[in-house]
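*Asks:* In this note's numbering, the protein residues as written are 1 to 787.
The structure under discussion is supplied below as structure tokens; questions concerning it will follow.
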């Protein structure tokens, strides 16, 4: 009796064992499921009545202590002069004349299907046929080979034997992994307030295959409270893999620190952190083809050796580890990280690898089983990220410029771009009938989609013959823009709007996903447990609505573990920051900032709704009130580099003789994802209610959601930015500080009902003297307690 049982597809076996060659930049589009399916179906429908399509195969056998269940699906099955023919269809963007019928992987796939069918039907042999369909015009080319059952048997078991060696390594490690998780204990002696409740909710969510929306305030320890129960569920085979998704680098770092902590407790599992291609690329320029990158050249010839070496050497694949193995074996580090993810239990990555149609990991979320758990950190960010990931933009200027350049390169590509340009010109003229030179419609421009597909197909076809063309980079940029646009059209629904806007001689077409809920739901429905969690998932109903939740899903509102007395929350209603009051508010805002900073020496962050507002107040403080004579100043410049961002944060570490007042922008890089614990930050001042800028896109959101439109477009996103900024003050149980909300609107019922439970002790002031009294009482109370 075999020791292990494995179910695996023919395609996955072949992809791992026989791959070879180099990375090609345009090869990405060959995975277009919709285009390939369309080509397959068109060919299949044109065949004779006895041509069977999509014939499923299942074969069981034992090899090297493994009971294999091999699955597959034949594209076509028919008889030709009494001999069974197994047909494997491949769609391609390459010219058929360049296809020689010598692709080892394609032949291996059809031969393995041939063995299973011949063996199960007691045949002496079958004809294996490869059918290539050219995507641009659906031309077809066949290659055939008659194979005896003896040859097919030898081939089948030789391939399976090679795969079994790797599979045995995986299964033996999996045994160690599961055993370690069974005995894994919680790494702390006590639980924080709300932590055990969250852990139980996460575990039950995975067991039941549900979705959980959890508002988990700072201090609960939500990273360990989500990862630990998910890993326990993994150990009980309730889920196959865990994807920890985050929008920011700091989120990845915290996740990996937590996993390291569990490893110290005896946990054994494989984990990988996926870094964006542009960041991890080892080449001087990120060009993914063998002509420009030595790591792309022959990548698939060497990558299995890199995987084997990494698998034996370590269980933790950080960016640094991946880069070291990529250099050693001269392979692409990004592709290596994706391959390693196949053999990891935990994958830490950005949202887009799961949700973005143009970037999602096909091996998991298109071809995979879906038996995974998603832990979505800082899930409030996924609303705007979702809108961005499911939207696409086209610019007429780019098309017109490229059209001129391809004229002498390829007549058919020039024809397609001319046709596309003419349609863009039609829409540009239509914009002239509208006051603001723009209009929108709920309909998708299908005529443009067809032209883009034609351009994609043609670019693929001519790429190999014209790689050295001087404008090829420009053509490839548009190729990926077109590819992205076409991928988004496949998701178009009534929750989209397409806008057309004339800007000078240019036309901008924006296919805008106003409500990403359906697309997020589609991406998560097949998962084995999805947890959306954030400290600011308020109001819960809003996030459940836009993140694809429903009444059957779970919602959890946890209270803060911190003592309310450590935070002085003040609504200063003496100031109005409404747009028509901006000019008159500049002086009073500056006076209140000075009052707050004078009351207690320390570091303060002041958040403004815009750079312009911040700069106006700062200039008034510096040139009129001479604030630099009394305080140290710091301000967020536009377009900060990573180094400048780090220097800004490090400024809070320095010992000072007087208070530091740092000016920043609400919703920017310093309003979330940074930890300034203890005396590094004792106060946050928030100017305004954070309403996003009134603009065309936000007004489209407002119109789409009707009665609740203003809240969805402006109020809720704005308040989330306020909550995030206010959350910078109290990061641990030892922290103490003040949050001042400078705007009369915070005192209204509309905003107070959005306050979290731990803000129920707020105080309201109506003049500067009241503010001084509240702060004096708060800080003097601290001094009395110390004495």
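Cβ coordinates follow ideal geometry from the N, Cα and C atoms, glycine included.
According to DSSP, is residue 614 helix, strand or coil?
*Replies:* If DSSP states are grouped into helix, strand and coil, residue 614 belongs with the helices.
*Asks:* I need the boundaries of the beta strand (DSSP E) containing residue 214, first residue and last residue.
*Replies:* Looking at the DSSP string, the run of the beta strand (DSSP E) that includes residue 214 is 211-215.
*Asks:* Would you report the Cα separation of residue 142 and residue 128, rounded to the nearest angstrom?
*Replies:* Rounded to the nearest angstrom, the two C-alpha atoms are 10 Å apart.
*Asks:* Quick one: Cα of residue 582 to Cα of residue 529, how far?
*Replies:* Between residue 582 and residue 529, the C-alpha separation is close to 47 Å.
*Asks:* Does the Cβ of residue 391 have 16 or more other Cβ atoms within 10 Å, making it buried, or fewer, making it exposed?
*Replies:* Looking at its Cβ environment, which holds 16 or more other Cβ atoms inside 10 Å, residue 391 is buried.
*Asks:* If contact is defined by three or more beta carbon pairs under 8 Å, each pair taking one atom from either stretch, is the segment 699-706 in contact with the segment 547-557?
*Replies:* No: the two stretches stay apart, fewer than three of their Cβ pairs being nearer than 8 Å.
*Asks:* Is residue 413 near residue 485, with beta carbons less than 9 Å apart?
*Replies:* It is not a contact, given that the beta carbons lie outside the stated cut-off.
*Asks:* What separation, rounded to the nearest whole angstrom, lies between the Cα atoms of residue 48 and residue 149?
*Replies:* Their Cα atoms are separated by approximately 26 Å.
*Asks:* Please report the Cβ distance between residue 416 and residue 455, rounded to the nearest whole angstrom; I am assuming they are in contact, meaning their Cβ atoms lie under 8 Å.
*Replies:* Correct: roughly 5 Å between the Cβ atoms.
*Asks:* Quick one: residues in its chain with C-beta nearer than 6 Å to the C-beta of residue 52, no 5 flanking neighbours on either side, listed in chain order?
*Replies:* Excluding sequence neighbours, residue 52 sits near 77.
*Asks:* Taking Cβ to Cβ, would you say residue 717 is nearer than 9 Å to residue 692?
*Replies:* Yes. Within cutoff.
*Asks:* For the beta strand (DSSP E) that residue 397 lies in, which residues bound it at each end?
*Replies:* It is not in any beta strand (DSSP E) - residue 397 instead sits in the alpha helix (DSSP H) that spans 396-406.
*Asks:* Kindly list the residues whose CB is nearer than 8 Å to the CB of residue 789, restricted to its own chain and excluding five residues on each side of it in sequence; keep chain order.
*Replies:* What the structure shows of the chain is the stretch from 1 to 787, and residue 789 is not part of that stretch, so it cannot be assessed.
*Asks:* Are there 16 or more other CB atoms within 10 angstroms of the CB of residue 653, so buried, or fewer, so exposed?
*Replies:* It is exposed - the Cβ of residue 653 has fewer than 16 other Cβ atoms within 10 Å.
*Asks:* Is the shortest distance between the beta-carbon of residue 478 and the beta-carbons of chain C less than 9 Å?
*Replies:* Any reference to chain C falls outside this structure, which holds one protein chain only.
*Asks:* Between which two residues does the beta strand (DSSP E) carrying residue 241 extend?
*Replies:* Residues 241-246.
*Asks:* I think residue 131 touches residue 87, with their Cβ atoms under 8 Å apart; what is that distance to the nearest whole Å?
*Replies:* So it is a contact: roughly 6 Å between Cβ atoms.
*Asks:* If we require 3 or more residues per run, which beta strand (DSSP E) segments fall completely within the segment 217-294?
*Replies:* If we require 3 residues or more, the beta strand (DSSP E) runs fully inside the segment 217-294 come out as 241-246, 271-273.
*Asks:* Between the beta-carbon of residue 661 and the beta-carbon of residue 634, is there less than 9 Å?
*Replies:* Against a cut-off of 9 Å, the Cβ pair of residue 634 and residue 661 comes out as a contact.
*Asks:* Could you give the DSSP three-state label for residue 457: helix, strand or coil?
*Replies:* Residue 457 falls in the helix class under three-state DSSP.
*Asks:* Could you tell me the distance, in whole angstroms, from the CA atom of residue 156 to the CA atom of residue 9?
*Replies:* Taking the straight line joining both Cα atoms gives about 13 Å.
*Asks:* What is the DSSP secondary structure of residue 713, reduced to helix, strand or coil?
*Replies:* DSSP places residue 713 in helix when its eight states are reduced to three.
*Asks:* DSSP on residue 791, reduced to helix/strand/coil?
*Replies:* The question about residue 791 has no answer here: the residues shown for the chain are numbered 1 through 787.
*Asks:* Hey, could you find the ends of the alpha helix (DSSP H) residue 191 is sitting in?
*Replies:* Looking at the DSSP string, residue 191 is not in any alpha helix (DSSP H), and its letter there is neither H nor E.
*Asks:* Can residue 771 and residue 740 be called in contact, C-beta distance under 9 Å?
*Replies:* It is a contact, given that the beta carbons lie within the stated cut-off.
*Asks:* Nearest-angstrom Cα distance between residue 305 and residue 103?
*Replies:* About 21 Å.
*Asks:* Tell me whether the beta-carbon of residue 332 lies closer than 9 Å to the beta-carbon of residue 293.
*Replies:* A contact, by the Cβ cut-off of 9 Å.
*Asks:* Of all the options 376, 743, 663, which has the alpha carbon lying nearest to the alpha carbon of residue 574?
*Replies:* The option with the nearest alpha carbon to residue 574 is 743.
*Asks:* How many angstroms separate the CA atom of residue 475 from the CA atom of residue 514?
*Replies:* C-alpha separation (whole angstroms): 30 Å.
*Asks:* Assuming residue 481 and residue 449 form a contact by the criterion Cβ under 8 Å, report the distance between their Cβ atoms to the nearest whole angstrom.
*Replies:* With 8 Å as the limit, residue 481 and residue 449 do not qualify as a contact, their Cβ atoms being about 13 Å apart.
*Asks:* Between which two residues does the beta strand (DSSP E) harbouring residue 540 extend?
*Replies:* That residue, residue 540, is in no beta strand (DSSP E); its alpha helix (DSSP H) goes 540-546.
*Asks:* Could you check which residue in 672, 453, 85, 191 has the C-alpha nearest to that of residue 93?
*Replies:* For the residues 672, 453, 85, 191, the minimum Cα distance to residue 93 belongs to 453.
*Asks:* Tell me the DSSP secondary structure of residue 694 in three-state form.
*Replies:* Coil at residue 694, not helix or strand.
*Asks:* To the nearest angstrom, report how far apart residue 229 and residue 767 are at their CA atoms.
*Replies:* Roughly 50 Å separates the two Cα atoms.
*Asks:* Determine the burial state of residue 562: buried for a count of at least 16 other Cβ atoms within 10 Å of its Cβ, exposed for fewer.
*Replies:* With 16 or more other Cβ atoms within 10 Å, it is buried.
*Asks:* If I'm right that residue 380 touches residue 543 with Cβ under 8 Å, what's the distance once you round it to whole angstroms?
*Replies:* Sure, about 7 Å apart at Cβ, within 8 Å.
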